[in-house]
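S.K.: Structure in structure tokens, see below.
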Amino acid sequence: MKIKKILIASMVFVLGVNTLFAQKGKPLFPETPGMVSYTFRKSLAKDPAATLDTLQKLGIKDMEFSSLFGKTAAELRKLLDERGMKCSSFGVQYPDALDKTKEVGENAKMLGAKFVRVAWIPHKGPFTLEMAEKTVADFNKIGKQLKEEFGITFCYHNHGYEFEKHEDGTLMDYIIQKTDPKYVSFEIDLLWTFFPGADPAALIAKYPKRFKLMHMKDLKKGVTGNMSGGTPVENDVALGTGQLDIPAILRAAKKSSIEHYYIEDESPSYATQVPQTMAYLKSLTY
35 MKIKKILIAS MVFVLGVNTL FAQKGKPLFP ETPGMVSYTF RKSLAKDPAA TLDTLQKLGI
95 KDMEFSSLFG KTAAELRKLL DERGMKCSSF GVQYPDALDK TKEVGENAKM LGAKFVRVAW
155 IPHKGPFTLE MAEKTVADFN KIGKQLKEEF GITFCYHNHG YEFEKHEDGT LMDYIIQKTD
215 PKYVSFEIDL LWTFFPGADP AALIAKYPKR FKLMHMKDLK KGVTGNMSGG TPVENDVALG
275 TGQLDIPAIL RAAKKSSIEH YYIEDESPSY ATQVPQTMAY LKSLTY
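The sequence shown runs 35 to 320 under the working numbering.
Written as structure tokens, this is what we have:
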């Protein structure tokens with residue numbers, strides 16, 4: 035019996051080692067990322083069809099639209115369908131999400147989006163607890179209506195200013211903890227988590243079931259962050275060339291509830307940086 039136990043223990047050890055070595059060369063990000071329309075905002079404003087052709091040639095099939103670019107939702111959906119592409123998330127302004135929830139839901143549904151996203155809380159000066167309290171109430175209201183009427187999940191995209199200290203954490207923690215997980219989820223923007231001094235991988239690990247979407251972007255080396263929620267667009271650089279530990283973040287993300295990963299590159303160099311980012315993601319292994 036003792037020999038049998040030793041043999042079983044040895045087999046388990048060998049299998050574990052083999053699994054470890056097999057995992058080591060496994061691609062960390064084998065899928066093709068999605069794209070945020072804001073990256074190609076200028077060309078989409080001029081010619082949506084031609085821009086979608088360009089994105090299709092890059093292999094992009096999953097889009098997050100932050101604007102309809104002068105089209106109706108139905109017209110934009112037709113352009114996507116013709117190219118075998120989809121819109122999984124629809125970004126809108128906070129006032130529209132709050133005051134035109136039905137219209138937003140209808141447009142999102144027409145686009146085929148399963149998520150509606152807000153990326154900025156209108157405010158002046160430092161973000162405060164009072165602002166966060168109103169935000170929580172508004173988000174719960176928006177999220178409840180979108181879920182119950184349209185089956186759509188509402189997400190908030192952080193922008194840096196929410197990381198003001200509050201009790202043992204930050205106001206971002208407060209918003210995550212106080213919103214109803216049945217109705218409110220989150221889109222983590224990597225740059226706007228790192229810029230105010232937070233750790234994106236740690237935040238995902240802290241709330242593994244709350245984040246559904248991700249904006250993948252990197253911050254230029256040498257740039258110092260703050261709580262403003264703003265930095266020159268030239269500070270967006272190709273993934274892997276900036277300050278963020280992208281592999282560590284993606285490893286945390288793969289253990290979370292994140293469903294869609296979008297490239298967002300706000301810089302004027304996006305045409306060269308996007309292919310560089312995609313090549314970098316393909317090169318990553320465990």
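Idealized CB from N, CA, C, for every residue including glycine.
Can you list, in chain order, the residues of its chain with a C-beta nearer than 8 Å to that of LEU132? Leave out the 5 residues immediately preceding and following it.
M.R.: The residues are ASP172, LYS175 and ILE176.
S.K.: Classify VAL271: buried if its beta carbon has 16 or more other beta carbons within 10 angstroms, exposed otherwise.
M.R.: Buried.
S.K.: If you follow the beta strand (DSSP E) that VAL150 is part of, which residue opens it and which one closes it?
M.R.: Unbroken beta strand (DSSP E) run through VAL150: 149 to 152.
S.K.: Between the C-alpha atoms of THR135 and ARG151, what's the straight-line distance to the nearest angstrom?
M.R.: THR135 and ARG151: Cα-Cα distance of roughly 12 Å.
S.K.: Who are LYS120's beta bridge partners in DSSP?
M.R.: Answer is ASP96.
S.K.: What is the DSSP secondary structure of PRO266, reduced to helix, strand or coil?
M.R.: In the structure shown, PRO266 sits in coil (DSSP, three-state: anything other than H, G, I, E or B).
S.K.: Between the C-alpha atoms of GLN307 and PRO82, what's the straight-line distance to the nearest angstrom?
M.R.: Their Cα atoms are separated by approximately 20 Å.
S.K.: Hey, out of ASP96, ASP299, LEU247 and LYS243, whose CA is closest to SER265's CA?
M.R.: The sequence shown places Thr at residue 265, rather than the Ser named in the question. Per the Cα distances, ASP299.
S.K.: Assuming ALA142 and PHE124 are in contact, meaning their beta carbons sit under 8 Å apart, how far apart are those beta carbons, in whole angstroms?
M.R.: With a Cβ gap of about 4 Å, ALA142 and PHE124 count as contacting.
S.K.: Among residues of its own chain, excluding the 5 on either side of LYS255, which ones have a beta-carbon nearer than 7 Å to its beta-carbon?
M.R.: Here the set comprises GLY276 and GLN277.
S.K.: Find the nearest neighbour of LYS199 within the set SER301, PHE161 and LYS91, judged by alpha-carbon distance.
M.R.: The candidate whose alpha carbon is nearest that of LYS199 is PHE161.
S.K.: Which word fits ASN192, buried or exposed, when buried means at least 16 other C-beta atoms lie within 10 angstroms of its C-beta?
M.R.: Classification for ASN192: buried.
S.K.: Would you call the region 82 to 92 and the region 288 to 304 touching, i.e. three or more CB-CB distances under 8 Å?
M.R.: They do not touch, by the three-pair rule.
S.K.: Between LYS120 and the rest of its own chain, which residues show a CB-CB distance below 8 Å, the 5 nearest in sequence each way excluded?
M.R.: Closer than 8 Å at Cβ, skipping near neighbours: LYS95, ASP96, MET97, LEU114 and GLY146.
S.K.: Just the C-alpha distance for PHE188 and PHE149, rounded to the nearest angstrom, thanks.
M.R.: Looking at the two C-alpha atoms, the distance is approximately 6 Å.
S.K.: Using the three-state DSSP reduction, which class does MET261 fall into: helix, strand or coil?
M.R.: Three-state result, MET261: coil.
S.K.: Using three-state DSSP, classify LYS246 as helix, strand or coil.
M.R.: DSSP places LYS246 in strand when its eight states are reduced to three.
S.K.: Determine, using beta carbons only, whether SER32 and LYS246 come nearer to each other than 7 Å.
M.R.: The structure shown does not extend to residue 32, since the chain is modelled only from 35 to 320, so the question has no answer here.
S.K.: Helix, strand or coil, according to DSSP, for PRO156 in the structure here?
M.R.: Three-state result, PRO156: coil.
S.K.: Would you mind working out which of TYR320, GLY59 and GLU221 sits nearest ILE280, comparing C-alpha positions?
M.R.: Among TYR320, GLY59 and GLU221, the Cα nearest to that of ILE280 belongs to TYR320.
S.K.: Nearest to THR169 by alpha carbon, out of GLN179, LEU180 and HIS157?
M.R.: Nearest of GLN179, LEU180 and HIS157 to THR169, Cα basis: HIS157.
S.K.: Whose CA, out of THR88, LYS58 and LEU92, lies closest to the CA of MET312?
M.R.: Of the listed residues, the one whose Cα sits closest to MET312 is LEU92.
S.K.: Does the Cβ-Cβ distance between SER100 and TYR72 come in under 7 Å?
M.R.: Taking 7 Å as the Cβ cut-off, SER100 and TYR72 qualify as a contacting pair.
S.K.: Does ILE40 come out as helix, strand or coil in the three-state DSSP assignment?
M.R.: Its pLDDT being 40, under 50, ILE40 is placed unreliably by the model, and the measurement read from it follows with that caveat. In the structure shown, ILE40 sits in a helix (DSSP, three-state: H, G or I).
S.K.: Run the CB neighbour count on SER262, radius 10 Å, all protein chains shown included, and call it buried at 16 or more, exposed below.
M.R.: Exposed.
S.K.: Counting C-beta neighbours from all protein chains within 10 Å, is the total for VAL267 16 or more, i.e. buried, or is it exposed?
M.R.: Result: exposed.
S.K.: Should LEU318 and PHE63 be called a contact, given that it needs their Cβ atoms to be closer than 7 Å?
M.R.: In contact: LEU318 and PHE63 (Cβ atoms closer than 7 Å).
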